[in-house]
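Using the numbering used here, read the sequence shown as starting at 31 and increasing by one per residue.
Data block below; observations after.
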Amino acid sequence: MIKINNLNVYYQNDIALSNISTTLDDGDLVAIVGPNGAGKSTLLKSIMQQITIKSGSIDLGDLSLKHIAYLPQSSQIDHTFPITVTEFVSAGAWQRTRFWRAFSRQEQRLLQQALAKVNLVDMAERQISQLSGGQFQRMLFARMLLQDAKILLLDEPFSAIDAQTTALLMTVINECQQQGKTIIAVIHDLALVQRYFPSTLLVATELIASGKTKDVLTQVNLVNAGYQHFSHCAIHNVFSNELNNLSNKPLNIPAKNDIINIEKQTS
Ligand code: ADP
Ligand code: MG
């Protein structure tokens with residue numbers, strides 16, 4: 031359980047999060063939704079104690095930071111660092127292995143399992159700088175799987191990757207939830223949120239709404255969050271069947287009007 035009480039966060043004099051109070055239950059699969067600059071990343075960084083909060087509290091209950099795996103936005107990671115995929119992913123086991131110089135056979139096995147889960151076995155000895163965006167994101171997931179944390183915080187895990195990679199990683203997320211993990215992910219694709227995330231936090235500096243996704247992603251709430259263009263059409267079962275069977279099959283991308291299409295007005 032993560033209990034957030036009256037959280038206020040500022041950058042210098044600018045407020046980034048105002049009076050956020052909510053509880054995230056164990057085992058829940060939660061999407062964080064909101065326009066650019068809404069404070070979504072700030073919320074995850076606050077939970078990770080990476081930034082100083084001005085007031086309020088974040089209570090992790092029986093858990094501590096070592097039980098949380100955090101996947102930052104890919105853009106915040108140095109892709110040029112001279113390190114192989116294996117070395118990068120191995121860091122996920124650090125909490126278990128730091129007292130030993132070498133990986134035990136058991137850890138080697140877990141590492142191979144994590145790479146296999148995201149189809150990266152063939153890339154194991156590549157430099158991370160040589161990976162495509164989708165491969166890089168799969169590598170981040172492998173490191174997270176090796177960490178085997180109880181809570182997963184994912185910041186835009188599906189940004190700038192193709193539909194097939196999204197589907198593969200969504201399967202990994204679903205398996206993590208079946209293992210009892212709590213997953214909290216910043217997601218831009220509202221059709222994906224509606225289909226796969228039972229709970230949603232809608233954030234626009236303030237908490238606009240939280241709870242069951244279907245109750246949160248209403249037109250009124252979305253407009254209140256600052257989304258200006260909004261058209262609501264039927265959402266087809268674009269991902270449904272493929273998800274069980276997705277690793278080798280490209281997904282059909284829905285026509286733009288088939289999904290909720292929502293953009294923040296830029297001017
Ligand atoms: P989101 O992830 O929802 O796009 P962020 O949490 O990154 O939003 O940012 C929330 C607000 O705080 C934005 O207005 C952003 O410009 C500002 N901000 C984020 N990080 C910093 C920082 N390190 N210094 C100053 N302002 C920041
Ligand atoms: Mg962000």
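Glycine included, every Cβ here is placed at the ideal spot set by N, Cα and C.
Thinking just about the alpha-carbon of each residue, which of the options is nearest to the one in residue i?
| i | options | result |
| --- | --- | --- |
| PRO18 | GLN42, ALA179, ALA61 and VAL39 | The question about residue 18 has no answer, for the chain in this structure spans 31 to 297. |
| GLN42 | THR82, ALA68 and LEU184 | THR82 |
| PHE171 | ALA146, MET78 and ASP192 | ALA146 |
| ILE217 | LEU231, ALA154, THR235 and GLN106 | LEU231 |
| ASP245 | LYS75, GLN224, GLN194 and GLY210 | GLN224 |
| THR12 | ALA215, SER162 and GLN258 | Nothing can be reported for residue 12: it is not among the residues displayed for the chain, which extend from 31 to 297. |
| GLU186 | SER51, ALA46 and LEU74 | LEU74 |
| ILE32 | SER71, SER48, LEU47 and MET78 | MET78 |
| GLN209 | GLY57, ASP152 and SER51 | GLY57 |
| ALA46 | ASP55, ILE34, ASN35 and THR72 | THR72 |
| VAL151 | VAL119, ASP178, GLN136 and GLU236 | VAL119 |
| LEU59 | GLU236, LEU222, GLY256 and ALA255 | LEU222 |
| LEU220 | THR243, ASP92, VAL39 and GLU137 | THR243 |
| ASP44 | THR235, SER87, LYS180 and LEU183 | THR235 |
| SER148 | ASP108, TYR257, ALA197 and LEU90 | In the sequence under discussion, the amino acid at residue 148 is Val, which differs from the Ser named in the question. Among ASP108, TYR257, ALA197 and LEU90, the Cα nearest to that of VAL148 belongs to ALA197. |
| GLN80 | ASN36, LEU101 and GLN136 | LEU101 |
| ILE34 | VAL63, GLU137, GLN207 and GLY86 | GLY86 |
| GLU181 | GLY91, SER48, ASN49 and ILE238 | According to the sequence provided, residue 181 is Ile. The question's Glu does not apply to it. Ranking the options by Cα distance to ILE181, first place goes to GLY91. |
| ASN36 | GLY256, LEU237, ILE203 and GLN258 | LEU237 |
| SER104 | PHE133, PHE166, ALA179 and ASN49 | PHE166 |
| LYS84 | ILE107, ILE203 and TYR40 | TYR40 |
| GLU137 | ILE214, VAL63, ILE107 and LEU175 | LEU175 |
| LEU183 | GLN207, ALA154, ILE214 and THR201 | ILE214 |
| ALA255 | ASN49, VAL63, ASP55 and SER134 | VAL63 |
Would you call residue i buried or exposed, if buried means 16 or more other Cβ atoms sit within 10 Å of its Cβ?
| i | result |
| --- | --- |
| SER205 | Here residue 205 is Glu; the residue named in the question, Ser, does not match the sequence. Result: exposed. |
| ARG173 | buried |
| THR339 | A query on residue 339 cannot be resolved here, the shown segment of the chain reaching from 31 to 297 and no further. |
| THR116 | buried |
| SER261 | Note that SER261 scores a pLDDT of 42, beneath 50, so its modelled location is shaky and nothing firm can be said. |
| ARG139 | exposed |
| ARG168 | buried |
| GLY164 | buried |
| THR53 | exposed |
| SER51 | exposed |
| VAL268 | Here the model assigns VAL268 a pLDDT of 31, short of 50, so the residue's position is not dependable and the matter cannot be decided. |
| SER76 | buried |
| SER240 | buried |
| GLN177 | buried |
| ALA264 | Below a pLDDT of 50, predicted positions are generally treated as unreliable, and ALA264, at 29, falls in that range; the measurement from the model is reported next regardless. Exposed. |
| GLN258 | exposed |
Complete runs of the beta strand (DSSP E) confined to the segment 115-154 [at least 3 residues]: none
Given 8 Å as the limit, is there contact between the segment 140-158 and the segment 98-113, that is, 3 or more CB pairs closer than that? These segments touch.
Ignoring anything shorter than 3 residues, give me the beta strand (DSSP E) runs that lie fully in the segment 50-129, in order along the chain. 59-63, 85-89 and 98-101
Beta carbon nearer than 7 Å to a non-hydrogen atom of ligand 2: LYS70, SER71, GLN103, ASP185, GLU186 and VAL216
With three or more C-beta pairs closer than 8 Å as the rule, is the segment 247-257 touching the segment 88-106? Judged by pairs of C-beta atoms under 8 Å, the segment 88-106 does not touch the segment 247-257, as fewer than three such pairs exist.
Does the segment 66-77 come into contact with the segment 119-126, if we say contact requires no fewer than three beta-carbon pairs (one atom in each stretch) closer than 8 Å? Using a Cβ-Cβ distance cut-off of 8 Å, the segment 66-77 and the segment 119-126 are not in contact, since fewer than three pairs of beta carbons, one from each stretch, lie closer than that value.
Let me know the alpha helix (DSSP H) ranges lying completely inside the segment 228-262, each 4 residues or longer, listed in chain order. 243-246 and 249-254
Within the segment 162-229, ranges of the alpha helix (DSSP H) (whole runs, at least 4 residues): Whole alpha helix (DSSP H) segments, 4+ residues: 163-177, 193-208 and 220-226.
Determine contact between the segment 137-144 and the segment 185-197, defined as no fewer than three beta-carbon pairs at a distance below 8 Å. no
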